[in-house]
Amino acid sequence: MNGKKVLFVSSELVPYLPENEVSHMSYEAPVMVNSNGGQIRIFMPRYGNINERRHQLHEVIRLSGMNLVINDMDMPLIIKVASIPRERIQVYFIDNEEYFKRKATFADKKGELFPDNDQRAIFFAKGVMETVKKLNWSPDIIHVHGWMASLLPLYLKKYYADEPLFADSKIVLSVYGKTFEGELDQDMIKRIAFDGIPEEEIASLESPTYNNLLKVAVDYSDAIILASEEIPEDLTTHISNLEKPVLAYVPIQEFEEAYAKFYNTQVLK
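The sequence shown lines up with residues 1070 to 1338 when you count with my numbering.
Structural data, given as structure tokens:
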């Protein structure tokens, strides 16, 4: 990985959110690349339940101030940054008062998904891409973790298709077990179509379930990592029907060598 640039985009990350399969691997994978001589950037949403004082988040004025259009609405983009102390790794946070101020991640106290989760996912994907453009940082690999980040492969390949900064970037998608039940807002497909992405190319999002979100992400990724032991069967079937490099599940104790080899021999070949 020496000298290679890897952009990690994740729904969740320790130590900022509680540890689970997604947040743990979203931390361990960048640390592995960093320790093997790679250059990394990490992005995640700045949810309202992240303690800004404890984690010493601060706004980056030169990166903030842009408006992103979400379904014909101008939504201000705020960029904050913090460091993971013992690793000397910076994390960039995508923030917006409307989408990320509430003191929770994906659902309310009753466990009901937030009705604007689809808009939050669109904002997050576009916010990451626009910020990386401002940084003028061209990644060799973009590694996506978690469903809130799952629109990034689609937007990179369609909305940012003519952006030279990402012309040679390869997208790796980590697919985890099902992390939410039910569906996102039924108008999600229309909101994505507003950005010039044809509805027929994302037809499965007429029913925006977890599995269908991930299927779209798989379709627009270059390589897939099965990051959980238990992944929904129709999702694994969808993956197996595509001719893309796939890394089978490996336990956390063995992931470093497996991921590094997969990056070098399957993704960057």
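No residue lacks a Cβ here, since even glycine has one placed at the ideal position from N, Cα and C.
{"Item": "I need the boundaries of the alpha helix (DSSP H) containing Ser-1345, first residue and last residue.", "Value": "Shown here, the chain extends from 1070 to 1338; a query on residue 1345 therefore has no answer."}
{"Item": "Quick one: what's Thr-1278 bridged to in DSSP?", "Value": "Glu-1252"}
{"Item": "Whose CA, out of Ala-1098, Lys-1178, Phe-1263, Pro-1145, lies closest to the CA of Ser-1243?", "Value": "Ala-1098"}
{"Item": "Round the Cβ separation of Val-1078 and Ile-1211 to the nearest angstrom and send it over; I've been treating them as touching at under 8 Å.", "Value": "6 Å"}
{"Item": "Note down the Cα distance separating Ser-1092 from Asp-1141, rounded to an integer number of angstroms.", "Value": "32 Å"}
{"Item": "Considering only C-alpha positions, which residue in the set Ser-1238, Thr-1248, Ser-1309, Asn-1281 is nearest to Leu-1337?", "Value": "Ser-1238"}
{"Item": "When DSSP builds the beta bridges, which residues end up paired with Ala-1176?", "Value": "Leu-1182"}
{"Item": "Using C-beta distances below 7 Å, list every residue in its chain close to Leu-1304, excluding the 5 sequence neighbours before and after it, in chain order.", "Value": "Val-1244, Asn-1280, Leu-1283, Lys-1284"}
{"Item": "In its own chain, which residues sit with a C-beta less than 6 Å from the C-beta of Thr-1174, not counting the 5 before and 5 after it?", "Value": "Tyr-1116"}
{"Item": "So for Pro-1320, helix, strand or coil by DSSP?", "Value": "coil"}
{"Item": "Relative to the C-alpha of Phe-1249, which residue among Glu-1181, Glu-1298, Ile-1147 is closest?", "Value": "Glu-1181"}
{"Item": "Pick from Ile-1258, Asp-1264, Thr-1278, Phe-1263: whose alpha carbon is nearest that of Ala-1272?", "Value": "Ile-1258"}
{"Item": "By alpha-carbon positions, which one of Met-1113, Glu-1298, Asn-1333, Phe-1183 ends up nearest to Thr-1196?", "Value": "The sequence given here has Gly at residue 1196, not Thr. Of Met-1113, Glu-1298, Asn-1333, Phe-1183, the residue nearest in Cα terms is Met-1113."}
{"Item": "Relative to the C-alpha of Ala-1262, which residue among Lys-1247, Tyr-1289, Leu-1223, Ile-1300 is closest?", "Value": "Leu-1223"}
{"Item": "What's the C-alpha gap between Ala-1317 and Ile-1294?", "Value": "6 Å"}
{"Item": "On a Cα-Cα basis, can you pick out the residue from Glu-1268, Leu-1132, Glu-1121 that is closest to Met-1198?", "Value": "Leu-1132"}
{"Item": "Consult DSSP for Ala-1218 and reduce its assignment to one of helix, strand or coil.", "Value": "helix"}
{"Item": "Distance check for Met-1144 and Val-1138, CA to CA, integer angstroms please.", "Value": "6 Å"}
{"Item": "On the premise that Ile-1147 lies in contact with Asn-1165, defined as a C-beta separation below 8 Å, what is that separation, rounded to the nearest angstrom?", "Value": "6 Å"}
{"Item": "Is it the case that the stretch 1099-1113 contacts the stretch 1074-1088, given that we only count it when at least three CB pairs across the two stretches are under 8 Å?", "Value": "yes"}
{"Item": "Would His-1127 pass as a contact of Tyr-1085 if the rule is Cβ separation under 8 Å?", "Value": "no"}
{"Item": "So, helix, strand or coil for Arg-1122, using DSSP?", "Value": "helix"}
{"Item": "Am I right that Ala-1230 and Phe-1193 are in contact with their C-beta atoms under 8 Å? What's the rounded C-beta distance?", "Value": "No, Ala-1230 and Phe-1193 are not in contact; Cβ-Cβ is about 19 Å, not under 8 Å."}
{"Item": "Go ahead and label Asp-1177 buried or exposed: buried means 16 or more other beta carbons lie within 10 angstroms of its beta carbon, across all protein chains shown.", "Value": "exposed"}
{"Item": "Could you check where the beta strand (DSSP E) with Lys-1227 kicks off and where it finishes?", "Value": "Here Lys-1227 belongs to no beta strand (DSSP E), and DSSP marks it neither H nor E."}
{"Item": "In this structure, how does DSSP classify Ala-1151 when only helix, strand and coil are distinguished?", "Value": "strand"}
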